[in-house]
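**Q**
Number of protein chains: 2
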Amino acid sequence: MVHDGRMTLVGICEDDPDVRRVLTDALKMGGHRVVIARNGREAVENLGRDSGVEVLILDIGLPDADGRDVCQALRANGQHAPALFLTAFDAVHDRVSGFHAGGDDYVVKPFAISEVLVRVESLARRARPQPASISGLVLNPDRLSVHVEDREATLTPTEFRLLAAIAREPGSVVRRRTAVAAAWPDGAIVHENTIDSYIRRLRVKLASIDSPVELTTVRGVGFTLR
Amino acid sequence: MVHDGRMTLVGICEDDPDVRRVLTDALKMGGHRVVIARNGREAVENLGRDSGVEVLILDIGLPDADGRDVCQALRANGQHAPALFLTAFDAVHDRVSGFHAGGDDYVVKPFAISEVLVRVESLARRARPQPASISGLVLNPDRLSVHVEDREATLTPTEFRLLAAIAREPGSVVRRRTAVAAAWPDGAIVHENTIDSYIRRLRVKLASIDSPVELTTVRGVGFTLR
DNA sequence: CAGAACCTGCACATGACCTGACTGCATCGA
DNA sequence: TCGATGCAGTCAGGTCATGTGCAGGTTCTG
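Protein sequences appear in the order of chains A and B. So the number in our numbering is just where the residue sits in the first sequence, counting from 1, plus 93. So the number in our numbering is just where the residue sits in the second sequence, counting from 1, plus 93.
1) Short check: CB of LEU210(B) to CB of ALA119(B), under 8 Å?
2) Quick check: GLY145(A) and LEU167(A), are their CB atoms within less than 8 Å of each other?
3) Mind checking the segment 109-140 of chain A against chain B and listing, in chain order, the residues whose C-beta falls within less than 8 Å of any C-beta there?
4) Give the straight-line distance between the Cα atoms of GLU147(B) and ALA274(B), rounded to the nearest whole angstrom.
5) So LEU56(B) packs on PRO263(B), CB below 8 Å; how close in whole Å?
6) Under a Cβ-count criterion, where at least 16 other Cβ atoms within 10 Å of its own Cβ denotes burial, should GLN165(A) be classed as buried or exposed?
7) Would you call the segment 279-299 of chain A and the segment 252-271 of chain A touching, i.e. three or more CB-CB distances under 8 Å?
8) What are the boundary residues of the beta strand (DSSP E) that includes ALA320(A)?
9) Give every residue of the same chain whose Cβ lies closer than 8 Å to the Cβ of ASN132(A), excluding the five residues on either side of it in the sequence, and list them in chain order.
10) Does DSSP put GLY315(A) in a helix, in a strand, or in coil?
11) What are the start and end residues of the beta strand (DSSP E) that includes GLU245(A)?
12) Within 10 angstroms of its Cβ, does HIS173(A) collect 16 or more other Cβ (buried), or is it exposed?
13) Could you confirm whether any beta carbon from chain A is found closer than 8 Å to the beta carbon of THR287(B)?
14) What do you reckon, are the CB atoms on VAL163(A) and LEU177(A) nearer than 8 Å?
15) Tell me whether ARG113(A) is buried or exposed, calling it buried when 16 or more other Cβ atoms sit within 10 Å of its Cβ.
16) Answer yes or no: does any C-beta atom of chain B fall closer than 8 Å to that of GLY195(A)?
17) For chain A, check one thing: does any of its Cβ atoms lie closer than 8 Å to the Cβ of SER265(B)?
18) Which class does SER265(B) belong to by DSSP, given the choice of helix, strand or coil?
19) So, under 8 Å CB-CB, VAL128(B) and GLY104(B) are touching, yes? Tell me the CB distance rounded to an integer number of Å.
20) From SER301(A), PRO278(A), VAL266(A), pick the residue whose C-alpha is nearest to that of LYS309(A); which is it?
21) Using CA atoms only, rank isn't needed, just tell me which of PRO110(A), GLY171(A), PHE316(A) is closest to ARG261(A).
22) Compute the beta-carbon to beta-carbon distance between ALA246(B) and ILE302(B), rounded to the nearest angstrom, for a pair I have assumed lies under 8 Å.
23) What is the rounded straight-line gap between the Cα of PRO234(A) and the Cα of LEU216(A)?
24) From what residue to what residue does the beta strand (DSSP E) around VAL231(A) run?
25) Taking a contact to mean a Cβ-Cβ separation below 8 Å, would you say LEU230(B) touches LEU248(B) in this structure?
26) Throw me the rounded Cβ distance for the MET100(A) and ARG270(B) pair, which I believe falls under 8 Å.
27) Run the CB neighbour count on PRO224(B), radius 10 Å, all protein chains shown included, and call it buried at 16 or more, exposed below.
28) Can you pull the chain B neighbours of LEU237(A), defined as C-beta to C-beta under 8 Å?
29) DSSP puts LEU102(B) in a beta bridge; with which residues?
30) Which same chain residues, not among the five before or five after ASN139(A), have their C-beta less than 6 Å away from its C-beta?
31) Using a C-beta cutoff of 8 Å, does THR271(B) count as contacting chain A?
32) Label GLU214(A) either buried or exposed according to how many other C-beta atoms from any shown protein chain fall within 10 Å of its C-beta, with 16 as the threshold for buried.
33) So, using beta-carbon positions, are ILE153(B) and LEU116(B) closer together than 8 Å?
34) Helix, strand or coil for ILE259(B)? Go by DSSP, reduced to three states.
35) For THR251(B), go through chain A and note every residue whose CB falls closer than 9 Å to its CB, in chain order.
36) For GLU262(B), go through chain A and note every residue whose CB falls closer than 9 Å to its CB, in chain order.
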């Protein structure tokens, strides 16, 4: 399985060990990683701003707190990851109001695992940095594509990672080594020349969609977008 | 929750007070009004032709009747509002064996309220009830089929779940693992290759009805519709 | 000019994916 | 009861996209 960079770090706050287990297993099956909190206190400790958590799954009916309060606390702490609330059947009223207020999502217990999985990924997608647009050039991670106006070119995973690394700071120069490290994340050792091949392919594909942005070389340093 | 601001009068026939409560609250929060029936008899009394009800929500597993029969009775009575059936998770077989009580919609319990709200509003908005459509491609859960214009292909349950999972986010790539987790919900372990076989079958069936939508592979990542 | 850095085109191994056929199982109707 | 049917899942073998490296040419810099 190729690492495509869209693994999501999910923070779970749930007191029931069985439910925790089910969620954890399903998410790991889906290729994600999980951080656990057993109650509101642990949630604030483990799922805060600096935890790297991208999506929150919060049980509303915690023994020591309401999941929405936990959410509020985390938000106040600078954690803005979208939340998926788990609620029991008999707490609808609060749930609905919370949902309307937040823009987050919720699922009623007992839930289908596939439902949770799909929703988590949907939330993660929405929360991800919006498709960065550099003078008309748009990178679309969901489709591994780059498009300008209505023209689209599909990229391979490696091509996409490389272009994304360079496009991250439009205008400024990305060093060769930096680009390699970004496009080959797991420390893979690639031939010096390989990156040139990819740069070339990217140039060809960008040209094929009449991109207004050019992928130029800064000799002795790296590459940049103009 | 987005809707078009039109208030809809929804008729609910459901014996479980908790579920009634959940539905009622959610629909009211969504800006709709509700008429209640606790069983089949009350449904025929309260939700008939002259009740003004625009959308029906009918539990299939009523104590005194089958929701489908209730629907039939209402139809015979001149009530032609589109119906949303609630079915228990373990009664999928009924659905497979196909009730065509008017090509309406259904939701499997346990359900997410947002799901119900979306479907109710969808049913209310359209003159004829219509399941989710992706650029001409229509998935019909009632009949386990997919059709485009007047051409229809029937799917097996597994095929349907897989296609539904991929069609859920049209345009964006659904990763292999996600698709597997969604189409084989109970954590079943299937051979790596199995999904390929199903993808192929779906492609054949989509081609057989001249689908404008193609089920394409994004190598190393997953599948997408376009 | 020399040497380095980079570009270009191509070759090729790998593995992801496709394809068609097969087996086992459950259901259904005669 | 028994075969017919259809579905789920597996398998073996082939195909092809992708990632990678190489050879040779071109451009830049001093």
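The C-beta atom is built at its ideal place from N, Cα and C for all residues, glycine as well.
**A** The short version:
1) In this structure, ALA119(B) lies closer than 8 Å to LEU210(B) by Cβ.
2) Result no, Cβ atoms of GLY145(A) and LEU167(A) do not sit closer than 8 Å.
3) Hits within the stretch, in order: ASP118, ALA119, MET122, GLY123, GLY124.
4) For GLU147(B) and ALA274(B), the distance between alpha carbons rounds to 36 Å.
5) As shown, chain B starts at 94 and ends at 319. That puts residue 56(B) outside it, with no answer to give.
6) Exposed.
7) Flag = yes, the segment 279-299 of chain A and the segment 252-271 of chain A touch.
8) Since the first residue shown for chain A is 94 and the last is 319, residue 320(A) is missing from the structure and cannot be characterised.
9) Cβ neighbours of ASN132(A) beyond the five flanking positions: CYS106, ASP108, LEU155, PRO156, ASP157, ALA158.
10) Three-state DSSP puts GLY315(A) in a strand.
11) Run containing GLU245(A): 244-247, per the beta strand (DSSP E) assignment.
12) The residue in question, HIS173(A), is exposed, as its Cβ has fewer than 16 Cβ neighbours within 10 Å.
13) Cβ-Cβ to chain A under 8 Å: no for THR287(B).
14) When the beta-carbon positions are compared, VAL163(A) and LEU177(A) stay at least 8 Å from each other.
15) Burial is judged here by how many other beta carbons sit within 10 angstroms of a residue's own beta carbon; ARG113(A) has at least 16 and is buried.
16) Note on GLY195(A): pLDDT 46, under 50, position unreliable in the model; no value is reported.
17) Interface residue, yes.
18) Reduced to three states, the DSSP call for SER265(B) is coil.
19) Taking C-beta atoms under 8 Å as the contact rule, VAL128(B) and GLY104(B) qualify, at a distance of about 5 Å.
20) In the sequence as presented, Lys is not what sits at residue 309(A); that position holds Thr. When only C-alpha atoms are compared, the closest one is VAL266(A).
21) For ARG261(A), the closest alpha carbon among the candidates PRO110(A), GLY171(A), PHE316(A) is that of PHE316(A).
22) Confirmed, about 5 Å.
23) For the pair PRO234(A) and LEU216(A), the Cα-to-Cα distance works out to about 14 Å.
24) Residues 230-233.
25) The Cβ-Cβ distance between LEU230(B) and LEU248(B) does not fall below 8 Å.
26) Contact between MET100(A) and ARG270(B) does not hold, since their C-beta atoms are separated by about 10 Å, which reaches or exceeds 8 Å.
27) Because the pLDDT of PRO224(B) is 41, which lies under 50, any placement of that residue in the model is unreliable, and the question is left without a value.
28) By Cβ distance, chain B contributes VAL266, VAL311, VAL314.
29) Residue pairing by DSSP puts LEU102(B) in a beta bridge opposite ARG126(B).
30) If you ignore the 5 residues before and after ASN139(A), its C-beta comes within less than 6 Å of the C-beta of VAL128, ALA130, all in its own chain and listed in chain order.
31) By the rule that beta-carbons nearer than 8 Å mark a contact, THR271(B) touches chain A.
32) Counting the other Cβ atoms within 10 Å of the Cβ of GLU214(A) gives 16 or more, which makes it buried.
33) No, these two residues do not count as a Cβ contact at 8 Å.
34) In the structure shown, ILE259(B) sits in a helix (DSSP, three-state: H, G or I).
35) Under the 9 Å cutoff, chain A gives no residues; its nearest Cβ is about 13 Å from THR251(B).
36) Per Cβ cutoff of 9 Å: VAL211, GLU214, SER215, ARG218, ASP235.
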